[in-house]
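J.: Numbering (the UniProt record's numbering), first residue to last: 1 to 549.
Just dropping this structure here.
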């Protein structure tokens with residue numbers, strides 16, 4: 001098994017990666033076709049979002065069959081070929097397992113609806129309150145009630161996400177046995193890891209009650225049995241014995257819980273995603289409320305998680321982007337005047353942290369938000385729901401479009417930009433989601449020609465993690481903590497020190513560094529020209545630079 005502390009993971013959203021059949025949807029063969037590019041980049045694992053049979057109400061996160069490939073993505077033969085070709089290039093595949101809920105089209109749920117009690121117990125059905133309303137006032141993550149009424153039973157079933165995504169009842173050992181079988185099947189196929197979707201929500205409370213303070217999440221987030229259930233899943237499925245790389249997506253979690261999830265002694269998961277640092281531009285903690293990035297809060301959160309996880313021997317997955325998040329260069333950078341500089345700065349800032357870095361497809365070439373201007377251009381269920389919800393709440397269409405341009409999940413789901421040909425080389429058919437109109441400038445082919453491109457910067461960061469143990473294993477020490485525009489830190493291991501200095505803004509700033517023997521340090525990566533470490537330095541807009549002794 002690869003050392004995940006020296007590794008970098010690349011996330012693929014297959015629907016938008018590469019279409020080889022020209023039906024407008026990416027497919028498994030498209031991933032196989034681009035393996036040489038991914039090898040060139042230097043990544044070690046590919047996390048592929050769900051390609052299982054699904055009605056696609058939530059782009060595959062509503063699984064109807066965990067054992068079979070959705071025909072829109074190809075066949076089992078295509079998948080076997082992908083596994084074989086990835087192995088040849090020493091790239092491990094990680095599958096995305098959605099085990100908090102299934103699609104309501106899954107055979108288990110269909111049998112439950114037929115009244116089969118064995119399968120009804122696979123889900124969470126509850127009687128209504130005395131007045132006939134839902135069992136609790138919990139809000140779905142996609143808006144509206146978290147409960148859906150089934151007249152036949154005079155009961156509601158729980159769906160923390162869309163009503164077509166029914167939550168599984170992990171209290172039922174038969175459910176857990178089925179999920180272990182699924183993991184075993186894919187490990188037998190040669191899979192090297194798993195990413196578990198919203199896995200800290202699987203343990204529901206013993207008593208279901210109204211939330212008088214919030215939307216209900218405090219009752220089911222990091223629930224009372226979650227660690228016990230994850231230990232059982234990891235141990236009994238063979239994930240531990242087979243050295244699987246495992247990462248849990250943790251919604252609204254805490255450092256203490258993530259230490260337990262990822263400390264090797266606990267035998268649960270290899271590492272955790274948390275999202276606190278990606279809510280620092282949410283006005284009043286509301287995703288659709290826009291404000292500038294609260295940089296001091298961002299620094300504090302990154303420092304707290306870096307130090308806290310290290311002290312507890314936990315391990316972070318470190319990232320800016322994924323299929324649910326807007327493009328980082330549009331969000332915290334400047335995708336117009338300082339596109340290249342800010343994209344490189346953001347990459348350096350995150351990749352030299354303690355943790356395993358994740359790159360989301362297109363991030364490495366500086367892909368931007370889509371800036372769609374018509375609701376008909378949007379496909380994402382959450383975006384469409386909130387277009388209507390925000391309108392009902394009295395927000396003007398102009399404000400709603402601004403919010404969608406900043407926050408919609410479709411920003412990250414636009415087709416991968418491979419070249420300057422029609423549809424950015426993604427497909428010869430009409431893409432399922434519009435290609436961004438800047439693809440003639442921002443694409444892989446142009447990036448490969450230019451050794452000063454964002455792509456080569458990511459390639460270098462990946463190689464530095466392999467080369468220097470202080471990046472992979474070093475202690476994390478924040479510096480310049482009082483700076484209002486610079487995020488800087490040291491990484492120390494076996495008498496080696498790396499210093500990472502990142503100007504987060506488009507204004508020059510002077511920094512004073514308390515570093516001994518500055519002359520012993522050499523520049524290992526920068527987004528401007530190489531320079532020497534000095535006790536006083538003026539950083540250019542978005543300048544990012546790392547030194548090692």
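Don't be surprised by glycine CBs; every beta carbon is placed ideally from N, CA and C.
Does the stretch 253-271 come close enough to the stretch 308-325 to have 3 or more Cβ pairs within less than 8 Å?
T.: Judged by Cβ distances under 8 Å, the stretch 253-271 makes contact with the stretch 308-325, as three or more pairs qualify.
J.: In the DSSP assignment, what are the bridge partners of residue 99?
T.: Reading the chain shown from its first residue, position 99 is the one you call residue 99. The partner list for residue 99 (beta bridge, DSSP) is empty, contrary to what the question assumes.
J.: If you count every other CB in all the chains shown that lies within 10 Å of the CB of residue 76, and 16 or more means buried, which is it?
T.: The residue you call residue 76 lines up with position 76 of the chain shown. Per the 10 Å Cβ criterion, exposed.
J.: Go through its chain and collect everything with a Cβ distance to residue 74's Cβ below 7 Å, but skip five positions before and after it.
T.: Counted from its first residue, the chain shown places residue 74 at position 74. Answer for residue 74: 27, 28 and 29, listed in chain order.
J.: Let's test the definition: count the other Cβ atoms within 10 Å of the Cβ of residue 556 and tell me whether it reaches 16, buried, or not, exposed.
T.: Past the edges of the chain, shown from 1 to 549, lies residue 556, and the structure says nothing about it.
J.: Consult DSSP for residue 498 and reduce its assignment to one of helix, strand or coil.
T.: Here residue 498 refers to the residue found at position 498 of the chain shown. Strand.
J.: Taking the alpha carbon of residue 328 as the reference point, which residue from 336, 317, 343 and 338 has its own alpha carbon closest?
T.: Counting from 1 along the chain shown, the entry for residue 328 is found at position 328. The residue with the shortest Cα to Cα distance from residue 328 is 343.
J.: Among 530, 435 and 247, which has the Cα closest to the Cα of residue 554?
T.: Residue 554 lies beyond the range of the chain shown here (1 to 549); nothing can be said about it.
J.: Please return the same chain residues whose Cβ sits closer than 6 Å to the Cβ of residue 190, not counting the five positions on each side in sequence.
T.: Taking the first residue of the chain shown as 1, we reach residue 190 at position 190. If we look at residue 190 and ignore the five residues flanking it on each side, its Cβ neighbours are 83.
J.: So residue 114 is in the beta strand (DSSP E); what residue range does that whole segment cover?
T.: As a first step, residue 114 must be located in the chain shown, where it is residue number 114. Note, residue 114: premise wrong, no beta strand (DSSP E); not H, not E.
J.: For residue 232, which residues from the same chain have a beta carbon less than 8 Å from its beta carbon, with the 5 sequence-adjacent residues on both sides left out?
T.: As a first step, residue 232 is located in the chain shown; it is residue number 232 there, counting from the start. Around residue 232: 176.
J.: Taking all protein chains shown into account, decide if residue 491 is buried (16 or more other Cβ within 10 angstroms of its Cβ) or exposed.
T.: Sequence index remark: in the chain shown, residue 491 carries index 491 (1-based). So residue 491 ends up on the buried side.
J.: For residue 247, report the span of its alpha helix (DSSP H) as first-last.
T.: The residue you call residue 247 lines up with position 247 of the chain shown. Residue 247 -> not in any alpha helix (DSSP H); beta strand (DSSP E) instead, spanning 245-249.
J.: Which residue comes first and which comes last in the beta strand (DSSP E) that contains residue 478?
T.: Taking the chain shown and counting its residues from 1, one reaches residue 478 at position 478. Looking at the DSSP string, the run of the beta strand (DSSP E) that includes residue 478 is 475-479.
J.: Taking all protein chains shown into account, decide if residue 522 is buried (16 or more other Cβ within 10 angstroms of its Cβ) or exposed.
T.: Position 522 of the chain shown, counted from the first residue, corresponds to residue 522. Exposed, by the Cβ-count rule.
J.: Are residue 143 and residue 386 close, meaning C-beta to C-beta below 8 Å?
T.: Position 143 of the chain shown holds residue 143. Position 386 of the chain shown holds residue 386. In this structure, residue 386 lies closer than 8 Å to residue 143 by Cβ.
J.: For residue 498, is the classification buried or exposed, using 16 other Cβ atoms within 10 angstroms of its Cβ as the cut-off for buried?
T.: The residue given as residue 498 occupies position 498 in the chain shown. Per the 10 Å Cβ criterion, buried.
J.: Is it buried or exposed, residue 95, if we count other Cβ atoms within 10 angstroms and call 16 or more buried?
T.: Position 95 of the chain shown, counting from 1, holds the residue named residue 95. The residue is buried, with at least 16 neighbouring Cβ atoms inside 10 Å.
J.: Below 8 Å, how does it come out for the stretch 234-246 and the stretch 265-273: are there three or more Cβ pairs, yes or no?
T.: The answer is yes - the stretch 265-273 touches the stretch 234-246, with three or more Cβ pairs under 8 Å.
J.: State the start and end residues of the unbroken beta strand (DSSP E) segment that holds residue 403.
T.: Sequence index remark: in the chain shown, residue 403 carries index 403 (1-based). Run containing residue 403: none in the beta strand (DSSP E); it sits in the alpha helix (DSSP H), 397-407.
J.: Out of 506, 116, 68 and 279, which has the shortest C-alpha to C-alpha gap to residue 340?
T.: The residue labelled residue 340 in the question sits at position 340 within the chain shown. Residue 506 is the option with its Cα nearest to residue 340.
J.: When the distance is taken between beta carbons, is residue 85 closer than 8 Å to residue 32?
T.: Sequence index remark: in the chain shown, residue 32 carries index 32 (1-based). Sequence index remark: in the chain shown, residue 85 carries index 85 (1-based). Yes, they are a contact pair.
J.: Using only the alpha-carbon positions, how far apart do residue 504 and residue 123 sit?
T.: Mapped onto the chain shown, residue 504 falls at position 504. Mapped onto the chain shown, residue 123 falls at position 123. Spanning the two alpha carbons is a distance of roughly 46 Å.
J.: Are any of the Cβ atoms in chain B nearer than 8 Å to that of residue 15?
T.: The displayed structure is made up of one protein chain only, and chain B is not part of it.
J.: Do residue 226 and residue 99 come within 8 Å of each other at the CB atom, strictly closer than that value?
T.: Indexing the chain shown from 1 puts residue 99 at position 99. Indexing the chain shown from 1 puts residue 226 at position 226. No, Cβ-Cβ distance for residue 99 and residue 226 is not below 8 Å.
J.: Can you look up residue 372 in the DSSP assignment and give me helix, strand or coil?
T.: Against the chain shown, residue 372 aligns to sequence position 372. Coil, per DSSP.
J.: Mind reading off the beta-carbon distance from residue 158 to residue 147? Whole number of angstroms is fine, and I expect it under 8 Å.
T.: Taking the chain shown and counting its residues from 1, the one referred to as residue 158 is at position 158. Taking the chain shown and counting its residues from 1, the one referred to as residue 147 is at position 147. Yes, residue 158 and residue 147 are in contact; Cβ-Cβ is about 6 Å, under 8 Å.
J.: Using the three-state DSSP reduction, which class does residue 272 fall into: helix, strand or coil?
T.: As a position in the chain shown, residue 272 is number 272, starting the count at 1. Of the three classes helix, strand and coil, the one that applies to residue 272 here is strand, per DSSP.
J.: Could you name the residues of the same chain whose beta carbon sits closer than 7 Å to that of residue 21, not counting the 5 residues immediately before and after it, in chain order?
T.: As a working mapping, residue 21 is identified with position 21 in the chain shown. Once the five neighbours on either side are set aside, the close Cβ partners of residue 21 are 27.
J.: With a threshold of 6 Å on Cβ separation, who are the neighbours of residue 125 within its own chain once the five nearest residues in sequence on each side are excluded?
T.: To locate residue 125, count along the chain shown from 1; it is residue 125. Within the same chain, residue 125 has close Cβ partners 155 and 157.
J.: Is it a yes or a no for the stretch 420-432 touching the stretch 12-21, going by three-plus beta-carbon pairs under 8 Å?
T.: Because the criterion of three Cβ pairs below 8 Å is met, the stretch 420-432 and the stretch 12-21 touch.
J.: Let me know if residue 501 comes out buried or exposed under the rule of 16 or more other beta-carbons within 10 Å of its beta-carbon.
T.: By one-based count along the chain shown, residue 501 stands at place 501. Residue 501 should be labelled buried.
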